[in-house]
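Enquirer: According to this note's numbering, the sequence shown is numbered sequentially starting from 628. Note that CB positions come from ideal geometry on N, CA and C, so glycine has one too. All values derive from a computational prediction rather than experimental measurement.
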Amino acid sequence: MKILVTGFEPFGGEPINPSWEAVRHLPDTISGAEVIKVQIPVVFGRSADVVRDAIVEHDPDVVLHVGQAGGRFEVTPERVAINVDDGRIPDNDGQQPIDTPIREDGPAAYFTSLPVKAMVTAMRQAGIPGRVSNTAGTYVCNHIMYQALYMIDREFSGKRAGFVHVPYSPQQVVNQPPQPSMGIDDMTTALAAGIGAIVEYTGKPDERTVGGSIH
Ligand code: PCA
């Protein structure tokens, strides 16, 4: 089994992106699965071209994207990606789409095909806070999750894809008003645990645990 794991370059004036820092420290093999790591740009459209090229080159069974969600406390596997780009800030190429469909011929949303509940359980068992998220936002992270699921739907049938957001790292918040953060090593531990759950749940339905949210 082969898993393509992506992390993003920095954006929004940050010196690092903890998603790539955590991804690049992952082991090359997890639960017998080969892990391929690729950094992708924080750019609407072009990020999907890079991911498509990586899928063609590596032919992975699973595509797992990882991105920064500043302000979150936990590592959060995403349940759903929606068909809209609505940039709060310009991307790294200066594009700022507003209320624009990602794919004119695509569905309103795609659910992830990864076992998000089992991933959260595995993260918690590894000692790292995790929680299912029901929104990946409307910026490049939601965009790439939607694009990956669209590509799989239309072109690469049988593959699975999903997204995990990570908090800020401590170095990003030291000079800020109080903000949650998590060490890169803990993020890497959580991602490795989540990937272990993806391998373990191949061909099985997700775990049924309480993990919804009221708002
Ligand atoms: N986070 C942004 C895009 C890149 C990243 O790491 C997001 O949540 O959309």
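(1) Here's a check: name, in chain order, each residue in its chain whose Cβ is nearer than 6 Å to the Cβ of V650, leaving out the five neighbours to either side.
(2) What span of residues does the alpha helix (DSSP H) with H692 cover, start to end?
(3) Let's see if you can read the secondary structure: which residues bound the beta strand (DSSP E) around G830?
(4) Can you tell which of H685, I755, Y777 has the C-alpha that lies nearest to the C-alpha of R730?
(5) By Cβ distance, which residues of its chain are closer than 7 Å to A775, with the 5 residues on each side in sequence left out?
(6) At the level of alpha carbons, what is the spacing between I755 and P668?
(7) Residues bridged to K664 by DSSP?
(8) At what residues does the alpha helix (DSSP H) containing A745 begin and finish?
(9) Assign E701 to one of two classes, buried (16 or more other C-beta atoms within 10 Å of its C-beta) or exposed (fewer than that).
(10) Label R835 either buried or exposed according to how many other C-beta atoms from any shown protein chain fall within 10 Å of its C-beta, with 16 as the threshold for buried.
(11) Going by DSSP, which residues form a beta bridge with P704?
(12) Round the Cβ separation of P807 and P794 to the nearest angstrom and send it over; I've been treating them as touching at under 8 Å.
Expert: The structure says:
(1) Within the sequence shown, the letter at position 23 stands for residue 650. Answer for V650: V632, G634, K664, V693, listed in chain order.
(2) What you label residue 692 is simply residue 65 of the sequence shown in a count that begins at 1. Unbroken run through H692 is the beta strand (DSSP E), 689-695; no alpha helix (DSSP H).
(3) The count along the sequence shown starts at 1 and reaches residue 830 at position 203. It is not in any beta strand (DSSP E) - G830 carries neither H nor E in the DSSP assignment.
(4) For the purposes of this step, residue 730 is taken as residue 103 along the sequence shown, with counting starting at 1. Checking every option, the nearest Cα to that of R730 belongs to Y777.
(5) What you label residue 775 is simply residue 148 of the sequence shown in a count that begins at 1. Contacts found: V678, V690, H692, A788.
(6) By one-based count along the sequence shown, residue 755 stands at place 128. By one-based count along the sequence shown, residue 668 stands at place 41. Each residue's Cα considered, the two are about 27 Å apart.
(7) Here residue 664 refers to the residue found at position 37 when the sequence shown is read from its first residue. Bridge partners of K664: V632.
(8) As a working mapping, residue 745 is identified with position 118 in the sequence shown. Here the alpha helix (DSSP H) through A745 covers 743-752.
(9) The residue given as residue 701 occupies position 74 in the sequence shown. Under this definition E701 is a buried residue.
(10) Locating residue 835 in the sequence shown gives position 208, counting from the first residue. Exposed, because fewer than 16 other Cβ atoms sit within 10 Å of the Cβ of R835.
(11) One-based indexing of the sequence shown puts residue 704 at position 77. DSSP output for P704 lists V791 as bridge partner(s).
(12) Counting from 1 along the sequence shown, the entry for residue 807 is found at position 180. Counting from 1 along the sequence shown, the entry for residue 794 is found at position 167. Confirmed, about 5 Å.
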